[in-house]
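Protein chains in written order, with numbering that gives the first Met the number 0: chain A, 0 to 257; chain B, 0 to 257; chain C, 0 to 312; chain D, 0 to 312.
We put the beta carbon where it would ideally sit given N, CA and C, even for glycine.
If you're wondering where the values come from, they're calculated on a predicted model, not measured in any experiment.
Report on the following structure.
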Amino acid sequence: MGVKPYVVVSNKRRGPYATLTVRGGVDRSEPGQFYMLRGDWGADPMLPRPLSILGEDTGAGTLRFLLKVVGEGTRRLYDLEPGQKVTGLGPLGKPFPRRARGEGKPAALVGGGVGVPPLVYLAEAFVREGTSFTFFQGARSEADLVCMEELGALGVEPVITTEDGSVGEKGLVTAPLQRALDAGAPAAYACGPEGMLKAVAKMCWGRVPSHLSLEARMGCGYGVCLGCVVPVLRDGARAYERVCQEGPVFDGEVVLWE
Amino acid sequence: MGVKPYVVVSNKRRGPYATLTVRGGVDRSEPGQFYMLRGDWGADPMLPRPLSILGEDTGAGTLRFLLKVVGEGTRRLYDLEPGQKVTGLGPLGKPFPRRARGEGKPAALVGGGVGVPPLVYLAEAFVREGTSFTFFQGARSEADLVCMEELGALGVEPVITTEDGSVGEKGLVTAPLQRALDAGAPAAYACGPEGMLKAVAKMCWGRVPSHLSLEARMGCGYGVCLGCVVPVLRDGARAYERVCQEGPVFDGEVVLWE
Amino acid sequence: MGVDLSTAVGAIRLNNPVMLASGCCGYGTDMEPHLDLNRLGGVCLKGLSMAGSDGNKPPRIWETGGGMINAIGLQNVGVSRFLAEKAPKLRTYDTAFVANFYGHTVDQYVQAAAALGEEPALAALEMNISCPNIQEGGIQFGTDPASVYKVTKACRDATKKPLWVKLSPNASDVTATAKAAQDAGADALTCINTMPAMAIDVERREFRISNKIGGLSGPALKPIAVRIVYQVSRAVSIPVVGIGGIFTAADALEFLLAGAKAVQVGTALFVDPQCPYTILDGIEDYCRRHGFPSVEALVGQIKDGAPMPKCHE
Amino acid sequence: MGVDLSTAVGAIRLNNPVMLASGCCGYGTDMEPHLDLNRLGGVCLKGLSMAGSDGNKPPRIWETGGGMINAIGLQNVGVSRFLAEKAPKLRTYDTAFVANFYGHTVDQYVQAAAALGEEPALAALEMNISCPNIQEGGIQFGTDPASVYKVTKACRDATKKPLWVKLSPNASDVTATAKAAQDAGADALTCINTMPAMAIDVERREFRISNKIGGLSGPALKPIAVRIVYQVSRAVSIPVVGIGGIFTAADALEFLLAGAKAVQVGTALFVDPQCPYTILDGIEDYCRRHGFPSVEALVGQIKDGAPMPKCHE
Ligand SMILES: Cc1cc2nc3c(=O)[nH]c(=O)nc-3n(C[C@H](O)[C@H](O)[C@H](O)COP(=O)(O)OP(=O)(O)OC[C@H]3O[C@@H](n4cnc5c(N)ncnc54)[C@H](O)[C@@H]3O)c2cc1C
Ligand SMILES: Cc1cc2nc3c(=O)[nH]c(=O)nc-3n(C[C@H](O)[C@H](O)[C@H](O)COP(=O)(O)OP(=O)(O)OC[C@H]3O[C@@H](n4cnc5c(N)ncnc54)[C@H](O)[C@@H]3O)c2cc1C
Ligand SMILES: Cc1cc2nc3c(=O)[nH]c(=O)nc-3n(C[C@H](O)[C@H](O)[C@H](O)COP(=O)(O)O)c2cc1C
Ligand SMILES: Cc1cc2nc3c(=O)[nH]c(=O)nc-3n(C[C@H](O)[C@H](O)[C@H](O)COP(=O)(O)O)c2cc1C
Ligand code: FES
Ligand code: FES
């Protein structure tokens, strides 16, 4: 497909987070997929950065992302102003599988920090498709809650947990998730810190499928550099698979946490 | 002195040229001196670029430069927008010596292209000090004439030559300069393309002093890297001297053109 | 005026001088969604070994000033699975596929060369000698002329396919390893592989990549690579293929003018998988502007002047 | 808590670990208008030779991706003029001045070492061995362990001053040249000098610098330098001084954690002559945040774990 040119429509910053909207050629994507994004700053930083799709409007030709500043690349994206150019390669990667068993009971969507955006995109699809779900968002504190506007617009009331209890239930998101699983949630869809994903996989193990969107440092984003691999159990053997190609969404039962 | 922070006040572009005005700490400078300038683009390009001072206002704390795009560094400076940050090291280098002999007759200021700005700054000083002079500007064509507004503001009527005759006298700036020398100009101050400087040095040789502002690729701009040297004749022997330290202004009779 | 873009690398003639670098384009077909391989001069495939390899533990890559470090660990499916599953797909293309291969003993190199040498889909073999020789205490084959000669000669005798040797920049005198490869019968030399490098996460006091040391690639490597192409192409009579930090047509032209008969693009593919198109168009445009009837006409055409001084500081 | 910034490099103790690199600060006093030398751990002066040198024809420098190439040609006033005109000015400072020197024969090295060794203003001597040995067909002293041993030993016997050997990255196995220098009696090793490199102006088909080949410095060099500091500091028992692309405190800390007892700042001075202040402040702040009572306490404190694998790809 090759990289496509985009123009920044808006870049709303809140603390270390920014909601970036760009306009350009948009090929229809599925929740869980991502883009490799880069501004037209000269050579440094050199590599594009992977960002999950928060939402898209193929009609208007716009893409939305939610990013957090962790280093130079995300800082540059955070600093983008409307009108500036970016290039994007995507959509890339395997999306969340959406055939949630037991339509009756609501599936569990579990997100934390920059893991929330792909789940918001997934929630949008579930709302459209009439698949019932509960949205769980865990954060350190109120300031780390993201995409609340987008969830509101979808009419989604997220179950919120904060480690400092500043809002919602005090503690980790795994507590309400456990109750949901006990109440018969047919599947879990999760994206966030490794610790959270590990816990979700463990809780779902042997009970219901868990679909985890993983992160890894990426070189190319489209499968050729082998820089982004994670160890998985495949046909009974340990193997490295590419987060950008076989992932980013993996079955929680195959991921090997090393 | 160390690098000082500046903010872009304005950056007026005309074709490949831009008149850049920045505000910040301004240490009094003399015509012929320059700054090492750099925007806060990340690491690339890495080195600051030398730009002659076109003018300064120590009161308002502003510096003016005239630049032409020739490569990546000047392109980045050309693209600067008001409000953006730049850093500058300066003023650097030895200024034009201003004790023009034979105050009676007007001295000759000879500039071409990006060699014009330091001479405009010199003209400003001469006007202030009541030193009479004639300003010669040579260009390929009308589009390559620079700093005309600044000269107008000083009340200076430059003698113009263009290679294509689009404005002023057709031909090279050396023709009117020759006439001025024959009419008794006590000294020549020149900055511009090497060919022009060579010619000026040759014409003045043994007759009147010529003060030439040279260019060289620079690393540090303040004398420590030895990257900017030019060959000169010193105490009867060939030696390399630093454009950023012993220069940029050199006596036309010591420069060795190799 | 039409420009002849084709260029001969020893016995094989490439449709044009722009190739994809090994390890940066998978097994060729992995580029399909992004690039039409038939528009390229050639494609060097991911490094293969007899046994295959799982590669190194992640993290495997880190970006550095003007470049990146990678320590993939030469993850590959192994020669036999490559021949069974990947190679057949390559037979229908009109571009030169080059199989990059390596081993940790001379035997492993020889076996890989012999097996790959039978594959009709392959135009040539490219030996990656930047690998530790486990029989010689782990020093890399590529750093010592004697072992370069030994392993190249052994592979030369094992296959009739054009044999390219990919040199390591990490040698006191690259012209010596280059000559050793030529003397052993190499058809061409690829200059260069990555430079051993390291990055540290100071806040965590950990290495940025699990292997500690990885290979530096990208623009940071380019001036080193151009220098080596210039030195090697003047030290040997076999063709040199240039590689290292090529992102633009101007970058590629530096290598061609320095003496390379073709170039390979690696890291740049991660930033723009289609940059080989722009690079190729730029080379054609340059030939036109400068009156070169063909790419081969500009190879080595740097104005050389005086013999090269020795002291580089 | 106060942090002890001082660090011992062999017999001499620096006030702090931040030094200026040779060739990037003239003869020390050239930095005066921009930097207070007494706030630095030390200052390595421009490379000196017995005869002095006019240096290379311009152009001498070119910027490249993430770095720059220089071929100054070691322009210097010569040892005797240095001792007569420059050295006396240095006697009043409270920082460690290190005289960097070179030659094209072992004798020239020895004469320079002997003469400079008498100067009280100098805390140590730093041998630049990245120079062609004109008696050995011009191959650089620094690339071959045997000649490193020979020239180092000869200088060792010629002076009592602490003797630092500045290694070239352009060696198949830097640990071998490092050990050779240690065996010959070096007090410390400076890692590293520039990497031979080249850039071409494709439109003019000319070399960017008149010497054709120059030395690559700056951020592009950093990952190579950190790797070498890590390898060398584990291969020898004498102190290592780290250098290559240090612009920030984080850069400097990579070198210290990798095993360097001090660092030198070169190219970064061209971008900001006062960056040594920011680097030093950042190191002190880091020690505080991470609970290191002194700089020496963090030297080599990278979490090392498993022995280093060999294959870097
Ligand atoms: C499939 C995928 C989807 C992602 N979606 C989003 C998103 O929607 N919003 C968002 O803010 N971030 C997302 N990330 C993470 C984001 O890509 C990284 O934070 C970013 O690449 C860091 O680049 P940097 O230059 O800012 O930091 P660097 O300077 O590259 O590194 C700074 C720190 O970030 C860590 N880091 C670097 N790359 C990654 C990475 N790919 N993943 C995790 N940590 C990394 C480094 O280890 C380092 O500690 C996603 C990552 C992946 C793989
Ligand atoms: C004392 C001094 C004063 C100067 N004053 C001005 C000024 O007032 N306005 C202005 O526009 N320019 C001025 N210059 C020239 C300006 O510094 C260069 O054009 C600029 O550094 C080029 O940088 P770049 O990154 O754009 O080009 P690069 O990418 O660095 O190089 C592009 C081309 O420019 C040439 N070049 C690089 N550096 C220089 C240099 N220092 N001098 C001449 N050519 C160079 C290169 O050889 C190359 O061909 C001055 C130079 C000096 C030494
Ligand atoms: C991720 C990655 C993987 C690589 N794998 C191989 C390989 O398997 N075999 C090989 O010979 N070179 C390999 N290389 C080296 C490249 O082929 C090339 O020599 C080097 O990256 C310099 O070129 P570049 O700067 O254009 O990337 C690899 C490089 C990268 C970045
Ligand atoms: C312009 C310039 C001149 C140099 N001159 C010398 C020198 O005379 N002697 C020496 O040993 N190293 C010299 N060097 C190498 C530096 O001391 C240093 O080893 C190298 O530049 C890497 O460090 P950096 O990236 O911080 O510049 C020079 C470097 C530059 C850029
Ligand atoms: S990022 Fe290159 S293979 Fe996944
Ligand atoms: S630019 Fe460094 S000495 Fe002149």
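Using the C-alpha atoms, what's the distance from residue j back to residue i?
| i | j | result |
| --- | --- | --- |
| residue 220/D | residue 111/C | 35 Å |
| residue 298/C | residue 15/C | 13 Å |
| residue 148/B | residue 182/B | 28 Å |
| residue 92/C | residue 119/C | 12 Å |
| residue 308/C | residue 217/C | A caution first: residue 308/C carries a pLDDT of 48, below 50, which makes its placement in the model unreliable, though a value can still be read off. Going from the Cα of residue 308/C to the Cα of residue 217/C covers about 27 Å. |
| residue 188/A | residue 109/A | 6 Å |
| residue 215/B | residue 69/B | 14 Å |
| residue 101/D | residue 123/D | 14 Å |
| residue 160/D | residue 113/D | 9 Å |
| residue 155/D | residue 178/D | 15 Å |
| residue 209/C | residue 202/C | 16 Å |
| residue 107/C | residue 104/A | 57 Å |
| residue 250/A | residue 211/A | 6 Å |
| residue 65/C | residue 139/B | 38 Å |
| residue 32/B | residue 90/B | 6 Å |
Counting only Cβ pairs nearer than 7 Å, list the residues of chain C close to residue i.
| i | result |
| --- | --- |
| residue 1/A | 33, 272, 273 |
Is the beta carbon of residue i within less than 6 Å of some heavy atom of ligand 7?
| i | result |
| --- | --- |
| residue 67/A | No copy of ligand 7 appears in this structure; the ligands present are ligand 1, ligand 2, ligand 3, ligand 4, ligand 5 and ligand 6. |
Report the option in the options whose CA atom is closest to the CA atom of residue i.
| i | options | result |
| --- | --- | --- |
| residue 34/B | 240/B, 112/B, 129/B, 221/B | 221/B |
| residue 85/B | 117/B, 208/B, 47/B, 91/B | 47/B |
| residue 315/C | 10/C, 258/C, 252/C | The structure shown has nothing for residue 315/C, since chain C only spans 0 to 312. |
| residue 82/C | 174/C, 275/C, 48/C | 48/C |
| residue 260/C | 236/C, 272/C, 277/C | 236/C |
| residue 13/C | 64/C, 167/C, 240/C | 240/C |
| residue 174/D | 52/D, 234/D, 141/D | 234/D |
| residue 294/C | 21/C, 257/C, 68/C | 257/C |
| residue 25/A | 63/A, 92/A, 121/A | 63/A |
| residue 228/D | 86/D, 168/D, 121/D, 273/D | 168/D |
| residue 256/B | 39/B, 244/B, 228/B | 228/B |
Rounded to whole angstroms, how far is the Cβ of residue i from the Cβ of residue j, which I believe are closer than 8 Å?
| i | j | result |
| --- | --- | --- |
| residue 23/C | residue 268/C | 5 Å |
| residue 253/A | residue 233/A | 7 Å |
So which residues of chain A does residue i contact, with C-beta pairs closer than 7 Å?
| i | result |
| --- | --- |
| residue 62/C | 44, 45, 46 |
Listing by chain order, which chain B residues have their CB less than 8 Å from the CB of residue i?
| i | result |
| --- | --- |
| residue 268/D | 219, 223 |
| residue 218/D | 42, 45 |
Going along chain D in order, which residues have a C-beta closer than 8 Å to the C-beta of residue i?
| i | result |
| --- | --- |
| residue 172/C | 138, 142 |
| residue 169/C | 171 |
Using the beta-carbon of each residue, which ones in chain D are nearer than 7 Å to residue i?
| i | result |
| --- | --- |
| residue 239/B | 53, 54, 74 |
Given that residue i touches chain D, what residues does it touch there, using C-beta distances under 9 Å?
| i | result |
| --- | --- |
| residue 229/B | 57 |
Given that residue i touches chain A, what residues does it touch there, using C-beta distances under 9 Å?
| i | result |
| --- | --- |
| residue 65/C | 42, 43, 45 |
| residue 197/C | Result: empty, since nearest Cβ-Cβ is about 16 Å, beyond 9 Å. |
Who are the neighbours of residue i on chain B, taking C-beta pairs under 9 Å?
| i | result |
| --- | --- |
| residue 69/D | 218, 224, 225, 226 |
Along the stretch 38-59 of chain B, what residues have a CB closer than 9 Å to any CB found in chain D? 42, 43, 44, 45, 46, 47
May I ask you to list, following chain order, the residues of the stretch 210-227 of chain A that have a beta carbon less than 9 Å from some beta carbon of chain C? 215, 216, 217, 218, 219, 220, 221, 222, 223, 224, 225, 226, 227
Along the stretch 255-267 of chain C, what residues have a CB closer than 7 Å to any CB found in chain D? 256, 257
With 8 Å as the limit, tell me which residues of the stretch 5-25 of chain D have their beta carbon closer than that to any beta carbon of chain B; keep them in chain order. 22, 23, 24, 25
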